[in-house]
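Count along the sequence shown starting at 1, add 1286, and that's the number in our numbering.
Just so you know, even glycine gets a beta-carbon here, dropped at the ideal spot from N, CA and C.
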Amino acid sequence: MNEIRFSGFGGQGIIRQGLILGKALSLYDNKFATMTQSFGPEARGSACSSQVVVSEERVLYPYITKPEVLVAMSQEAYEKYEPELKDGGTLIIDTDLVRLKPATRKIKIYGIPSTRFAEEIGNRIYANLVMLGFFTAVTKVVSPEAIKKALPGLVPSRYLDTNIKAFDKGYNFGLETLEKEKEAKAKTPPTTEKTAKPKAKGERTKK
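Rendered as structure tokens:
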């Protein structure tokens, strides 16, 4: 079972990210999934989040406790929800809007300038689909085909092609990020520990 939280501020399409993922998983990837959402008191502009629980078996408790994945698309959301991320979990940020604090524990961090990429496509409103594409690539929680099948009905039909373009932009950037990560690991020499040379039989220890 995986617990996932998308977070940002009202107006970014954070709730839609959860809806798309939940629909993709349950209808097209043959998984069980639940989705819940939360808003700050001011709604638009304040921290909000959507939570998705995905499992191979029926989900008995639809709320997350310690998410394995946190997607943060605003500084406020990052600061509010990062402490709840499971140790060893994955943090995904919009590098245009989130400044990381010094790490206090071991988590995996990925970043994408999703807002800038969305503006290059035509409007920053597509940042949520850029981020969803990146999330799909680096986590492998859901297939890209399932996400694309889930889009009709959840995004305006006249902007469907642009949303797919935004998703592909983020997805391809995610694949490039994983490839660079793989290359970096391949270049890192393995760590070796020095071991004491075994003494020959009858050899005396020098003083």
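Proximity of residue i and residue j at Cβ, strictly below 8 Å
i: Glu1354; j: Asn1288; result: yes
i: Val1338; j: Phe1318; result: no
i: Glu1415; j: Asn1449; result: The sequence given here places Leu at residue 1415; Glu does not occur at that position. Yes, the Cβ-Cβ distance between Leu1415 and Asn1449 is below 8 Å.
i: Phe1420; j: Gly1460; result: yes
i: Thr1322; j: Tyr1349; result: yes
i: Thr1425; j: Thr1381; result: no
i: Gly1397; j: Ile1379; result: yes
i: Ala1452; j: Ile1407; result: yes
Helix, strand or coil at residue i according to DSSP, with G and I counted as helix
i: Ala1482; result: Note that Ala1482 scores 49 on pLDDT, short of 50, meaning its location in the model is unreliable; the coordinates nonetheless yield the value given after this. It is coil, neither helix nor strand.
i: Lys1493; result: Low local confidence applies: a pLDDT of 45 at Lys1493 is under 50, so the model's placement there is unreliable, and no value is given.
i: Lys1426; result: coil
i: Val1396; result: In the sequence on display, residue 1396 carries Tyr and not Val. Tyr1396 falls in the strand class under three-state DSSP.
i: Ser1312; result: helix
i: Val1416; result: helix
i: Gly1439; result: coil
i: Gly1304; result: helix
i: Glu1328; result: Because the pLDDT at Glu1328 is just 46, under 50, the model does not fix this residue reliably, and the point stays unresolved.
i: Ile1411; result: helix
i: Ile1350; result: coil
Bridge partner(s) assigned by DSSP for residue i
i: Met1321; result: Val1338
i: Glu1289; result: Val1339
i: Ala1333; result: Phe1295
Closest residue to residue i among the options (Cα-Cα distance)
i: Asn1316; options: Leu1464, Tyr1445, Ser1429; result: Ser1429
i: Val1357; options: Gln1323, Phe1403, Lys1394, Phe1292; result: Phe1292
i: Ile1300; options: Ala1413, Ile1433, Ser1443, Gly1397; result: Ala1413
i: Asp1454; options: Glu1465, Ser1400, Lys1471; result: Ser1400
i: Asp1373; options: Asp1380, Tyr1314, Lys1392; result: Lys1392
i: Ser1341; options: Gly1296, Arg1302, Ala1333, Ile1290; result: Ile1290
i: Cys1334; options: Gly1397, Leu1311, Tyr1364; result: Tyr1364
i: Ala1432; options: Gly1308, Phe1295, Tyr1314, Gln1298; result: Tyr1314
Interface flag, residue i vs chain C, CB-CB below 8 Å
i: Glu1289; result: Given the protein chain composition of this structure (a single chain), no chain C is represented.
Checklist entry - Whole alpha helix (DSSP H) runs in the region 1356-1409 with 4 or more residues, listed along the chain? => result The DSSP assignment places complete alpha helix (DSSP H) segments of no fewer than 4 residues inside the region 1356-1409 at 1361-1367, 1400-1407, in order along the chain.
Item to check | Runs of alpha helix (DSSP H) wholly within the region 1445-1481 (minimum 4 residues, chain order) | outcome: Listed in chain order, they are 1446-1473.
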